[in-house]
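In the working numbering, the protein residues as written are 134 to 638.
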């Protein structure tokens, strides 16, 4: 049992005395962390331990004030280092009832939950003395947070919690705030990590304890944190508080109308059958659609798991890093090179494009899709002094190159290509607001946005899909000998499967 205390000398002893004897017998340790109080809370606790002979009670004093969240961090680290299975958070001011502590612990010991919150909203909070303004504020703030986070808890703001220590080790709680909204942050972390959260009703008690919370500041911080969580989940913002185990770098397929992959797919549906080399084919969804449309596709993919998924879809895949592999291993000629959502991940995209160009026919084509770092949202963020990386999108944290329309076109030309067309794509509203986008208002609004994006492509463009033709005189290895299209067409299609390049370093 972990008791956080600050200036709680008047209530600490009573709080500890209320712990039922049967609970005291079952706990391994009761530890109090006094957060540098000014009212002798530490000495009060030590005196109570000595007077009552409580061997399981240990009282510690922080050498400086760590604040509410910081004190919790110290306590949870202590519990983890001591090898405890479960840690229960209790406040030293007596606001939460130690008598019902075991109700919080039982679901954890039974393996039914990773975190249990004692909620006052299911047990008559007003009858227990909660002021009306706090009740209304608590319910309203919790409702907003549930809407933003996609959760359904009855109370975000109870300080009576119990955690499995192995679950605590799965979330980066040390990067959380040291202030009162630490409690909101750790709930969101558990939710994001897929850990199980349960609630149990607890009695409400308000007495003579002093509240040290600035209500307006606390509410703002809770909302700001929850909004940041929502944006992180949507991929529009990256927040290290919600990191988890590394995910596959392979990109999801998103061929909704007007998206970059949709534009590429429609281009190939209008084109005669061709031999296609796709850089960064991910799990092969785009490639499999092109195969269904009559094209022959070979993919290069650096992520082994994604390459295996692509092979399962019938795509012939070379599992290799495009920046270090030898393209000549493919020993094939292609009509079209596709690189969608790839160049921004490469340190030397011009070198990769130049090498891939040598596998194309003299009249070959390249189709690129690159993000627009000059999009209006990025410009507004810069105006506010921010450069917000995200899990995906224009400022995906794995991007090492950033393109404007001008720099993208310069890259294409310098790599030996002649630009034929540029198609801007609008902001990915269907990904951000999927429900709204399915309504007739949403569909109409998105169609209008797509139209405006074509007129103001540098400002509103989310991606640019660039189609370019090969310029034969830029070939660096001697004279270009045009390949016999008939001979190419007569060659057997490569068998589906994954080959691993021996040239990887």
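Think of the CB as a built atom: it goes at the ideal place given N, C-alpha and C, for glycine as much as any other residue.
- Boundaries of the alpha helix (DSSP H) around residue 547: 538-547.
- Cβ neighbours of residue 548 within its own chain (closer than 6 angstroms, five residues either side excluded): 483, 486, 487.
- Residue 537 and residue 474 have their C-alpha atoms spaced approximately 14 angstroms apart.
- Straight-line spacing of the CA atoms in residue 506 and residue 209 works out to 41 angstroms.
- Between the C-alpha atoms of residue 216 and residue 248 there is a straight-line separation of about 17 angstroms.
- For the pair residue 393 and residue 558, the CB atoms are nearer than the 7 angstroms cut-off.
- Separation of residue 178 and residue 304 (C-alpha to C-alpha, rounded to the nearest whole angstrom) is 31 angstroms.
- Of all alpha-carbon atoms in 146, 190, 142, 183, the one lying nearest the alpha-carbon of residue 135 is that of 190.
- By the criterion of a C-beta distance shorter than 7 angstroms, residue 315 is surrounded in its chain by 201, 202, 205, 309, once the five residues flanking it on both sides are discounted.
- According to DSSP, residue pairing for residue 296 in a beta bridge involves 220, 248.
- With a cutoff of 7 angstroms on beta-carbon distance, residue 561 and residue 527 are scored as not near each other.
- The three-state reading of DSSP puts residue 596 in strand, counting E and B together.
- Ranking 414, 412, 428, 533 by CA distance to the CA of residue 406 puts 428 first.
- Residue state for residue 512 is assigned as helix, using DSSP reduced to three classes.
- Between residue 286 and the set 298, 273, 297, the nearest pair of CA atoms involves 273.
- In the DSSP assignment, residue 400 falls outside any beta strand (DSSP E) and within the unbroken alpha helix (DSSP H) covering 393-402.
- Within a 10 Å sphere around the beta-carbon of residue 543 sit fewer than 16 other beta-carbons, which makes this residue exposed.
- Within the stretch 477-535, complete alpha helix (DSSP H) segments of at least 4 residues are found at 482-490, 509-516, given in chain order.
- Nearest to residue 465 by alpha-carbon distance, out of 431, 448, 480, 458, is 431.
- When DSSP states are grouped into helix, strand and coil, residue 557 belongs to the strand group.
- No Cβ-Cβ contact shorter than 7 angstroms links residue 472 with residue 551.
- DSSP links residue 472 through a beta bridge to 412, 501.
- Annotation: the stretch 332-376 contains no complete segment of the beta strand (DSSP E) (minimum length 3 residues).
- Excluding sequence positions up to five before and after residue 412, its CB lies within less than 6 angstroms of the CB of 433, 455, 472, 475, all in the same chain and listed in chain order.
- Of the residues assessed, residue 580 falls on the exposed side of the cut-off, its CB having fewer than 16 other CB atoms within 10 angstroms.
- For residue 150 and residue 511, the gap between their C-alpha atoms comes out near 57 angstroms.
- Residue 441 and residue 416 have their C-alpha atoms roughly 7 angstroms apart.
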